[in-house]
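Notes to accompany the following structure.
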Amino acid sequence: MTPRVVVTGLGIVTPFGCDLETVWRAWLAGEPAVAPSRRFAAEKPPTKSVGEVPEADVEALRAEFGADAATTDLRTLYGVAAARRALAHAGLPAGPHARAGAVVASGPGAHRLEDFVRAARPDGSIDLGAFARDPSAVHPGSLWRSPADRPATEVARRCGLRGPVHCVTTACAASLQAIGSAVREIRAGRADWMLAGGADAMVDPMGLVFFVLLNAAATEAGAHACRPFSRRRTGMVTGEGAGLAVLEREDHARARGATILCEVAGYGSSLDAFRVTAPHPEGRGAIQAMSRALADGATSPDEVDLVSAHATGTKLNDPAEAKAVRAVFGERADRVAVTSGKSTMGHLLAAAGAVAFAGAVLAVARDEVPPTANLRPEEVDPACALDHVTGAPRRMPVRAALVNALAFGGHNATILLRKYAAPAAGAAP
Amino acid sequence: MAAVVATAAEAVTGLGLGLAATLAALRSGRTAVAPEAGLEAFGVGAAAHVVPLPPTHAPDGPTRVVTPHGTLLELVARAAHGQANLGSVPREAVALMIGLGMVDSPAADLEAAVAASRGADGAFDLARFFQGGFRAIHPHWPLRMLNNVVVGQLAADLDVRGDNLVLAAEADAGARAFLEAREALDSGAALAAIVAGVSETFGPAALLRAQLRGTPGLVLGEAAAAVVLESEASVKARGVIPVGRLVGGATGFEPSDLGPGPSADARVRVVREALAQAGRTPDDVTLLLVEGDAVDEADARRAVFGRRTDLAVVAPSVALGHLTSGGPAVASALALAMLSTGEAPSTARGTPRALKRGGVALVLASGSAGGAAALVWEGVP
Chain A
4 MTPRVVVTGL GIVTPFGCDL ETVWRAWLAG EPAVAPSRRF AAEKPPTKSV GEVPEADVEA
64 LRAEFGADAA TTDLRTLYGV AAARRALAHA GLPAGPHARA GAVVASGPGA HRLEDFVRAA
124 RPDGSIDLGA FARDPSAVHP GSLWRSPADR PATEVARRCG LRGPVHCVTT ACAASLQAIG
184 SAVREIRAGR ADWMLAGGAD AMVDPMGLVF FVLLNAAATE AGAHACRPFS RRRTGMVTGE
244 GAGLAVLERE DHARARGATI LCEVAGYGSS LDAFRVTAPH PEGRGAIQAM SRALADGATS
304 PDEVDLVSAH ATGTKLNDPA EAKAVRAVFG ERADRVAVTS GKSTMGHLLA AAGAVAFAGA
364 VLAVARDEVP PTANLRPEEV DPACALDHVT GAPRRMPVRA ALVNALAFGG HNATILLRKY
424 AAPAAGAAP
Chain B
4 MAAVVATAAE AVTGLGLGLA ATLAALRSGR TAVAPEAGLE AFGVGAAAHV VPLPPTHAPD
64 GPTRVVTPHG TLLELVARAA HGQANLGSVP REAVALMIGL GMVDSPAADL EAAVAASRGA
124 DGAFDLARFF QGGFRAIHPH WPLRMLNNVV VGQLAADLDV RGDNLVLAAE ADAGARAFLE
184 AREALDSGAA LAAIVAGVSE TFGPAALLRA QLRGTPGLVL GEAAAAVVLE SEASVKARGV
244 IPVGRLVGGA TGFEPSDLGP GPSADARVRV VREALAQAGR TPDDVTLLLV EGDAVDEADA
304 RRAVFGRRTD LAVVAPSVAL GHLTSGGPAV ASALALAMLS TGEAPSTARG TPRALKRGGV
364 ALVLASGSAG GAAALVWEGV P
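Protein chains in written order, with our numbering: chain A, 4 to 432; chain B, 4 to 384.
In structure tokens form, the structure reads like this:
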């Protein structure tokens, strides 16, 4: 019999801060943490609003990280901080842990403008050989110094994990796929528990122009810049942060008396196989990912009460995802609550799925759903009409929830969460 | 664990645009490692390039990027897809599991933007960059920096829509791609999977990264390989001919105290776990493909195999360069070919070694941060 996998710990680093309960209260309140960049206020970046982790938190995380913080990229700082918080939340001791691993998604990494300025010759050409003489001069945030797998390996090293450790880099779908990979590892009996999720940070000079060059950045300024599913949506807002969850084999969690937050019942993944710069307009890949997650969890769409949507607030993503939700749920689509956190905290990129996962875990565990900030009922795009949670949190029974992550490039992932029910006394484990 | 069946394998390396050509070159004692000028600053004087790469598409367009790693991936994946006749498998049931070395874009992509953002005094001005200088960045820079994009393009080209992952960034990730495919097949999420590994694109950035991860002077190579894995049921239903079986595999993590890479203990653990999954012992292994760049690996080899003299040991990196995420796929494709032909070439200018057809091969892989991996392959008798 396939073992059940449950969630026993959550750790997040977000533009609201790093304390799970504080973040959840702010998320429920629906007041965005999105604002013009404080980090680059003087230089006026073309990205008019971002979801930045507050500088006080960044400094606290640097101190927590220790001596290596000065040579470590922000996403690794965030990932390690989220991992430590998830372990503490799960009540797991410090390592070494022989039968535990980590799957941590991150962006593939980015250039740091500072490096190119430093390496520019008088004629304007760039000489990377300049760094060969002094590699220590490379910016800590550069992909040359901090490759994609650094958050995963640093989490494993600092948490004493000796099992499978790897890094997924499928852009915005990556951290949900990381969670799916970890679920399979536990089901296969190769780990008792896994840390899974993602970390990303692109609020830096190159990151701030990245989505402008892709014509995906919101053009509005201020807290209301991102408006998922709205007729007035203009694009996404770049955010940063991390989300790590402790996923555990149910009998292992019960044996150590852990508090079980909910069950991870299913996982589905797909490829649009369409265009790398646009989702399939009918949501073909998203339908497949959601359907696969439901089948994997032997769950009917009728049992699902909530969809945590990817909902970037871009022109193309939102209607495609709305069509996919409608295709999966049929006429019941109007009675399935839909929420998204990207207008609240920004798009946390490779960490987005994991933070959405954390929110959905709390929604299932506590029967409360945060609103999609900045979405007014009268402004819902008819092409995106669903049962959107707007304005205020909704208290409602949440038996099961789907969490979506749909990436640039056409990678899609869905996780199915189910309210945890302990096995009946005398039932086979 | 149920074994999964390999139904195709293809490789493109510095020794040839195909698996057969690569193996033939290895058998004749050739190496792709050649002197390379202009890299002295990085402490490197040689590399193993794949040249020339045949163009598979027109140059970059508004919705497509053409990069060396993308072309390598497409060449091997398309060939393996064809060999296995995957067109007869429902496209939603074909998975893509890719281990991809770090991608990068040419420094020249940013030169104009840096130049356009200088003030009257010649100094770089971030405000100028934000106010418009950034518009001089090469328009494909963002797509080149997202390493999943080439996988999305491949999916569209082959119309493959199934389960998928892109794993980064070193050889342990390349090995992990095989185990993710096995999980997808075991769980029923896929009937077949194209597993591929691609090396880092060679250049100053790759050399800089090697320095920063504590492996300066490493001779880097460029290569890719793809193996198609399928469930036994799918193979039987389709009537395809197996080229081998993946019968065991494991990954683990523990940094070494001796230098970059995993400890000998971690390497031993993954080998023992992989062999146990396969129901095999070290004595069953006839062919060992090593990375050949760490004391810990040699220690682990002695701990597992003692001083066996009948074990054929092959280090592809000697002739192909170090292939990061591409290494395990290339080694696995070569292992399947060697088990099929019954001969292991010497990579140390010795004589080739006869192999029992249908024997067992063990592929070792590692990552500089401490990841260890082992794959156990069984040939077709």
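The beta carbon of each residue, even a glycine, is placed where N, CA and C say it ideally should be.
In the DSSP assignment, what are the bridge partners of residue i?
{"i": "A:L164", "result": "A:H100"}
{"i": "B:I101", "result": "B:V169 and B:A199"}
{"i": "B:E381", "result": "B:R248 and B:V363"}
{"i": "B:P265", "result": "B:P258"}
{"i": "A:D203", "result": "A:G244"}
{"i": "B:G374", "result": "B:F256"}
{"i": "A:I418", "result": "A:Y270 and A:V406"}
{"i": "A:G20", "result": "A:T17"}
{"i": "A:S145", "result": "A:A113"}
{"i": "A:C229", "result": "Per DSSP, none; premise fails for A:C229."}
{"i": "A:W30", "result": "Note: A:W30 sits in no beta bridge, so no partner."}
{"i": "B:E346", "result": "B:A357"}
State yes or no: is the beta carbon of residue i nearer than 8 angstroms to at least one beta carbon in chain A?
{"i": "B:P142", "result": "yes"}
{"i": "B:R33", "result": "no"}
{"i": "B:E235", "result": "no"}
{"i": "B:R164", "result": "yes"}
{"i": "B:F308", "result": "no"}
{"i": "B:L113", "result": "yes"}
{"i": "B:P331", "result": "no"}
{"i": "B:E186", "result": "yes"}
{"i": "B:V366", "result": "no"}
{"i": "B:A240", "result": "no"}
{"i": "B:Q214", "result": "yes"}
{"i": "B:F133", "result": "yes"}
{"i": "B:M341", "result": "no"}
{"i": "B:P263", "result": "no"}
{"i": "B:M100", "result": "no"}
{"i": "B:P38", "result": "no"}
Using a Cβ cut-off of 9 angstroms, pull out every chain B residue sitting near residue i, in sequence order please.
{"i": "A:R136", "result": "A44"}
{"i": "A:S343", "result": "Per Cβ cutoff of 9 angstroms: no residues; A:S343 is ~22 angstroms from chain B at best."}
{"i": "A:S273", "result": "E95, R164, G165, D166 and N167"}
{"i": "A:K51", "result": "Under the 9 angstroms cutoff, chain B gives no residues; its nearest Cβ is about 11 angstroms from A:K51."}
Using a C-beta cutoff of 8 angstroms, does residue i count as contacting chain B?
{"i": "A:A86", "result": "no"}
{"i": "A:R165", "result": "yes"}
{"i": "A:L116", "result": "yes"}
{"i": "A:T222", "result": "no"}
{"i": "A:F360", "result": "no"}
{"i": "A:C21", "result": "no"}
{"i": "A:E58", "result": "no"}
{"i": "A:A276", "result": "yes"}
Note down, in chain order, every chain A residue with its Cβ under 7 angstroms from the Cβ of residue i.
{"i": "B:P258", "result": "R160"}
{"i": "B:F127", "result": "V120"}
Listing by chain order, which chain B residues have their CB less than 8 angstroms from the CB of residue i?
{"i": "A:T173", "result": "N151, V154, N167, L168 and V169"}
List, in order along the chain, the chain A residues whose C-beta lies closer than 8 angstroms to that of residue i?
{"i": "B:S190", "result": "R187, R190 and D299"}
{"i": "B:M105", "result": "P111, G112, L146, P150 and A151"}
{"i": "B:L211", "result": "L131, F134, A135, P138, V141 and W147"}
{"i": "B:R179", "result": "P167 and H169"}
I want to verify the contact list: residues of chain B whose CB lies under 7 angstroms from the CB of residue i, in sequence order.
{"i": "A:A123", "result": "V117"}
{"i": "A:E46", "result": "L129, A130 and F133"}
ask   = Residue ranges of each beta strand (DSSP E) run of no fewer than 3 residues wholly in the region 277-339 of chain B, ordered along the chain?
value = 288-292 and 315-317
request  = Please list the residues of the region 47-76 of chain B that have a C-beta atom closer than 7 angstroms to any C-beta atom in chain A, keeping them in chain order.
outcome  = Within the region 47-76 of chain B, the qualifying residues are T66.
ask   = Which residues, taken in chain order from the region 241-267 of chain A, show a beta carbon closer than 9 angstroms to some beta carbon of chain B?
value = Of all residues in the region 241-267 of chain A, none has a Cβ within less than 9 angstroms of some Cβ in chain B.
message = Going residue by residue through the region 167-246 of chain B, where are the continuous alpha helix (DSSP H) segments of at least 4 residues, counting only ones entirely within it?
response = 174-189, 207-215 and 235-241
ask   = Of all the residues that make up the region 244-258 of chain B, which are near chain A by a beta-carbon distance shorter than 8 angstroms?
value = A253, T254, G255, F256, E257 and P258
task = Could I get the ranges of all uninterrupted alpha helix (DSSP H) runs contained in the region 235-285 of chain A, with 4 residues as the minimum, in chain order?
result = 253-258
Length-filtered (4 minimum) alpha helix (DSSP H) runs lying within the region 92-142 of chain A = 116-122 and 132-135
query = Residue ranges of each alpha helix (DSSP H) run of no fewer than 4 residues wholly in the region 107-178 of chain B, ordered along the chain?
reply = 111-119, 129-134, 144-148 and 152-161
ask   = Any residues in the region 305-327 of chain A with a beta carbon nearer than 8 angstroms to a beta carbon of chain B? Which ones, in chain order?
value = none
request  = Using a Cβ-Cβ cut-off of less than 8 angstroms, list which residues of the region 403-428 of chain A approach chain B; keep chain order.
outcome  = A410, F411, G412, G413 and H414
query = the region 201-217 of chain A: which residues have C-beta closer than 9 angstroms to a C-beta of chain B, in chain order?
reply = P208, M209, L211, V212, F213, F214, V215, L216 and L217
ask   = Which parts of the region 309-355 of chain A are runs of the beta strand (DSSP E), unbroken and 3 residues or longer, counting only runs that do not cross its ends?
value = 309-311 and 340-342
ask   = Taking a cut of 9 angstroms between CB atoms, which residues from the region 67-85 of chain A lie near chain B?
value = Considering only beta carbons, no part of the region 67-85 of chain A lies closer than 9 angstroms to chain B.
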